[in-house]
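Taking it in order: structure first as C-alpha cells, then the write-up.
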Amino acid sequence: MQELGKHTVSCLSDLVIKVADTIRSVPKEIQSIKGDLNRIQASIVTAAKEDQDVMKEMKETVFSIEDIIDDYESSRGWEFHDFGCTTLPHETADLVKSMMIHLEIAWKIKSVKSQVEKIEAAQARKKAEAASKIKPSLEQTTSHYKGNTDLSWKNLRELPLHMEATEIVGLEDHFMKFCDWLEDKQPKCTVITVVGMGGSGKTTLARKVFYNCEETRSFECEAWITVSKFSDREEMLKDMLRQFNKRKPRGEMSREEYLKKTRYVVFFDDVWREQFWEEIKFSLENKNPGSMIIITSRNKKVVNTCMRSCSGTVEVLEMEPLTRDESLKLFHKTAFLNDPEGPERHRDISCMIVEKCVHSPLGILAIGREVAADRKFPLEWERHIKKNADMTKILKLSYDDLPEYLKPCFLYFGMYPEDHEVRSERLIRQWIAEGFIISEKRKTLEEVAKEYLQELIDRSLVQVSSFNIDGKAKSCSIHYLVRSMIHRIFEDLSFCQFIGEDSRLDKEDIIRRLSIAISSGGGLDVLTNSASSTDSKERIVYSFMRSLLLFTKKELDVSEYTRRIFMKCTQLKVLDFENSLLRDVPDIIGNSIKLKYLSFRNTNVRSLPYSIAKLENLETLDLRQTQVKMIPNEVSKLRKLRHLLGDDISLIQLNDGIADMKFLQTLYSIKIDDDGDGLKLIEKLGKLEQIRHLGLSNVMKEHGSAICSSLNKMQDLEKLHIVAKDENEIDLQSMEKRSNLRKLHLQGKLSRVPEWIRELQNFHQLVLSMSKLANDPLLLLTNILNLRSLSIIHEGYEGACLHFHDGGFRYLEELELGSLHSLKSITIDSKSLPSLKKIKLRDIPQLKEVPSGIKHLKNLEDLNIEKMKAEFESMIGDYLRQEHSIIQHVLRVIVNGKLVKDEKPQK
C-alpha cells in the first residue's frame, strides 16, 4: 500500500512537471505558429482558386492560428516560470484558471500544427508533380519572367490615360502652374511634387510637362524615370545619365562634373518609398542652379520628407477629382469617338457613370474605352464599372505596397456600404477590438490607430470626408474603385462577406467577418435559416466569425435574429447594430465572452440584461441615441471597458463599482443624481485617472468643488462637456489648468469664464451655452493661441455689443453666434479674425446690420444666416446684387438653409 502511494505521488509529480513544461513552451510555440501563419497566408494568394477544398482548408487553418494568437495575447500577464514562484497569482482559483487557459492554448497549438504539416505536405507533393512534368531551363525561366514583368508594367503604366498626355482634360490649370514653376529659375535646384491617389492623373500631367520640355528645349537635357521599375539606386541614376547623353554627350566628365555643368530636368514617376528623397538628394540636389526635379507619388509622406530635408524650393501639387463638367467632357471624348450626337443623346446616363466613378480620370477613361469598343446599349454600361481589370490592377499596387500592419485596417473599409462616410472614432475602436493595432510605448492604442488612419490617408487610399476642428479626420470614405478592389481581395482571403441589396450568400463558406447592408431584410436569412429548405447544410461556419456589422432598417426580432447571433457566433469581437431597428437584447448575449466592441447606437434598445456582466473583454459599449437611461450594476464588472457612451445615463446602481473601472477613457454623458449619491459619484470619478473624454449632466452649483477636485486628478483630460440642471451655475474656478484639454462645452450659468482657459496651449474649441454672461467674454478669449472654433449660443451672453479687437483670435476658423436676444452690434476690427472661414448668425433679433468688418475677412468661405429679422435677410440680398459689397468675397452664402451664392468648385 505504501509502495502504491509512492508510485501515485511520483506519477503526480511527473504530471505536474509535464504540465509545467507544456505551459512554459507556449510563448515559443506561439512564435512558431506565427511563422506558419505567414507562410500559409502567402500560399493562399498564389493557390489555384479552382481547388476549393484546399483553399477552404488553408483558410480554416489561418483563422485557427489567428484565434490561438488572440487567446494567448488576451492571457498575457499570466507567465509561468516555476511553480511556487512569487510572480504567480496568489489566489489558488486564479492559478488554476490561468493554468487551464495555457493548457488549452497548448492543446490548440498541437492540433493546428498537425493541420499545417498536412497542408505543407500536400503543397510539396504538388510542386514535385509539377516539376516532374515541366523542367524549363534557367535561361527560359528568366526570359519568361522578364518578359512578363515588362508586359505587366506596360499594361499598367502605359494605358491611354498615361500615353495621351496631349489630350488631357481638367488638368490645364495644373499644367500652366507647372510651366510657371519651370520658368522660374531659382538659385538652387527646385523640387516639384505631385501627389494623389492612383488614377488621379499624376503621370498624365507629368508626361505632358515632360513632352513640353522636350519640344521647347527649356532645359539642356531631360530624363523620365519610372522609379518602381528599379530595385537599385545606382542603376536608376545610370539610366538617367543615359537619357541625358542623348541630348548632351558628357565626354570624359564624371557624373558629378556633368550635373554641375548641365541644367537638367528629371521626372521620377511612381515613387513609393518615403525615404526616396534622402536616397537621391546627394546625387542631384544643388548640382546646377535652375535644374528641376519632379516627383509623382501616391504617398504624402514622400512629399513631407522632401519638404523637411530639401535645401531648395519645394512646390506641392495635390491632385483633386475632376469637376462634373470635366468628367463628362472626358467620358464623351473617350466613349463617343465616332458618334457626334452621343453626348447629347446619352447625357443622363453619362452623368450617372461619371458620378459612379467619383470623377476619377482613370475610371472614366477605362469605362469610356469599353463603351466605345463594344457599343453596348447604354443601360448596360454601368456593369463596365464593376468589371474593369486595369483599374483594379493599378489600385492594387497601392495595397500590395502597404506594410502588413496596415492591410487589415485598410480592408476594413470594405465592410461599410458604398458611399458610406465612416466616423473615424467608430472605425478606430473596431480596429482595436479586432487586434489590428500594435501597442507602442507611451501611446494609447487609440493614438496609434489614428496614426494608422493618417498613413492610409497620406497614401491616397482613404479620402477625408470631414475634419474635426483640430484638422484631424472626423469621417472618411473610400473611392468607389478602391472599394471594388477591396471586395476582390475579400474573395481571395475570405476577409469579409459583404451582403448588399444585389448580393446573397449562395454557397457554403467560411466567414471571418459578415457585413449585411440591406433595406428590405431579405439578406438577414443568413442569420436564421442559413440553409435552404432542401439543403441541411448551414451556409456559414459560425465558429470562425469575428465581426458582424448590420446596416438595415428591417426590425430585428429577438427570437428570430439576435438570439441566433449570440447562440452561434461565440467568437465575435465586434458586433455593431448601429441605426438598426433593434428593441430588446436577449440574455444569451453573455455567450459572446470575447466581444470587445458592442454598439446599440440609434436603436430602440430600452435596457441591458444582467448577463452583460459575462462580457469581461468588452472595451466599447455605445448606448447613444437609445432608450437606456439606467446602467445596471453588472456593468461595473467589465473591468476592461475603455469607452462607455450614452445620453444622460445614470450610474447610481453601480455603487462603488465605477471606481474599479480603471481603464475608462470615455465616459459620456453621465446624469448626476440630485441626492447625496450624486455627490458621492462625482468623488469616485476622481479615481478614473485615464479619462480623456468626460460628459456630465444635471450638475448643480453645490457640485462645483467636488467636480473640480475630481477633474484635477484627470491629467489626460481632452474633452469636457458639462450641462447644468435648470438655472444652476457651473463653477469651475478652482479647477487646475489641464494642459491637454482641447474641447470645452459648458451649458449653464457662469459668473465669468474660468481664468485658466486663457493659459491653455492645445485648446481648439469652446462652446458657451445658457451662460448668461454680463461682460464681453471676448476680452478673456482673444489671445488663446490655438482656439479654432467658438460658439456663443442660447443666451450665452446678455450684453449688447461684441467686439473682436485688432490682433485677436488669430487662428479662429469657425464662429457661431446664436439666440443672443440682447445683442445689438458686432464689431470686427480690420486686423482681427485673419483665419476665419465660417460664420453662422442665428436668431439675433436686435442685430439690424451685417457687421461691416466682414469685408476684412479675406479667408471667409461660408456665411450662414438663419432665423434673422426680415430686414437683415433683405440686406443680405441687396449685398449679393451689388458688384462691390462687403460680402462680395465670400464664396458661399446660405439663408435659412437655402444656398443663395455658391462659388466653390463642384467636384
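Take 80 as the starting number for the sequence shown in my numbering and just add one per residue. All C-beta atoms in this analysis are idealised placements derived from N, C-alpha and C, irrespective of residue type, glycine included.
Item, Value
"Whether Val653 touches Tyr676 by CB criterion (7 Å)", "yes"
"Own chain, CB closer than 8 Å to Asn683, minus 5 neighbours either side, in chain order", "Leu660, Leu661, Arg662, Thr705 and Gln706"
"Cβ shell of Pro422 (< 8 Å), same chain only, five flanking positions each side left out", "Leu407, His411, Phe415 and Ser429"
"Proximity to Arg703 [Cα-Cα], best of Leu799, Lys256, Phe645 and Glu657", "Glu657"
"Extent of the continuous alpha helix (DSSP H) to which His800 belongs", "No alpha helix (DSSP H) contains His800, which is instead part of the beta strand (DSSP E) from Lys798 to Ala803."
"Meets three-Cβ-pair contact criterion under 8 Å: the segment 106-119 and the segment 183-191", "yes"
"8 Å Cβ shell around Cys880 - same chain, five flanking residues per side excluded", "Asp855, Leu902, Lys903, Ser904, Ile905 and Thr906"
"Strand pairing of Thr272, partner residues [DSSP]", "Ile374 and Val395"
"Any 3 or more C-beta pairs closer than 8 Å across the segment 568-575 and the segment 552-559", "no"
"Pair within 7 Å by beta-carbon distance, Ser911 and Phe951", "no"
"Close Cβ partners of Asp981 (< 6 Å) along its chain, the five nearest in sequence each way excluded", "Arg971"
"Residue from Ile590, Lys673, Lys798 and Ser678 whose Cα sits closest to the Cα of Arg629", "First, the amino acid is wrong: residue 629 is Leu here, not Arg. Residue Ser678 is the option with its Cα nearest to Leu629."
"Contacting residues, own chain, Cβ-Cβ under 6 Å from Val350 (five flanking each side not counted)", "Val306, Ile374, Ser376 and Val381"
"Terminal residues of the beta strand (DSSP E) in which Leu899 lies", "Run containing Leu899: none; DSSP gives neither H nor E here."
"Endpoints, the alpha helix (DSSP H) within which Ala285 is located", "Lys281 to Thr295"
"Exposed unless 16 or more other CB atoms sit within 10 angstroms - verdict on Asn670", "buried"
"Option nearest Asn841 by Cα separation, candidates Glu797, Ala853 and Ser813", "Glu797"
"Among Phe298, Ile863, Ser784 and Ser848, the one whose alpha carbon lies nearest that of Tyr835", "Correcting the residue type first, residue 835 is Trp in the shown sequence and not Tyr. Among Phe298, Ile863, Ser784 and Ser848, the Cα nearest to that of Trp835 belongs to Ile863."
"Complete beta strand (DSSP E) runs within the segment 514-594 (minimum length 3 residues, chain order)", "542-546, 552-556 and 576-578"
"Sequence-distant residues of its chain with Cβ nearer than 7 Å to Ser813 (five each side left out)", "Ser784 and Cys787"
"Pick from Phe492, Gln120 and Gln509 that is closest to His566, judged by C-alpha positions", "Phe492"
"Contact under 7 Å by Cβ, Thr413 with Gly447", "yes"
"One or two residues paired with Phe630 in a DSSP bridge", "Ala596"
"Per-residue DSSP class, three states only, for Thr861", "coil"
"Distance, Gly878 Cα to Leu858 Cα", "13 Å"
"Proximity of Leu687 and Asn712 at Cβ, strictly below 7 Å", "no"
"Per DSSP, cross-strand counterpart(s) of Ile944", "Leu920 and Val974"
"Residue burial classification, Phe361 (beta-carbon count within 10 angstroms, cutoff 16)", "exposed"
"Leu860 versus Glu806 - alpha carbon distance", "24 Å"
"DSSP state of Met779 mapped onto helix, strand, coil", "coil"
"Met242 burial status per 10 Å Cβ neighbour count (16 or more: buried)", "Because Met242 carries a pLDDT of 37, less than 50, the predicted location of this residue cannot be relied on, and the following value inherits that uncertainty. Under this definition Met242 is an exposed residue."
"Contact between the segment 309-317 and the segment 251-270 (3+ Cβ pairs under 8 Å)", "no"
"Span separating the alpha-carbon of Leu284 from that of Gly278", "11 Å"
"Three-state secondary structure assigned by DSSP to Met709", "strand"
"Simplified DSSP assignment, three categories, for Ser788", "helix"
"Close-in-space but distant-in-sequence residues of the same chain around Lys475 (CB under 6 Å, 5 per side omitted)", "Met564"
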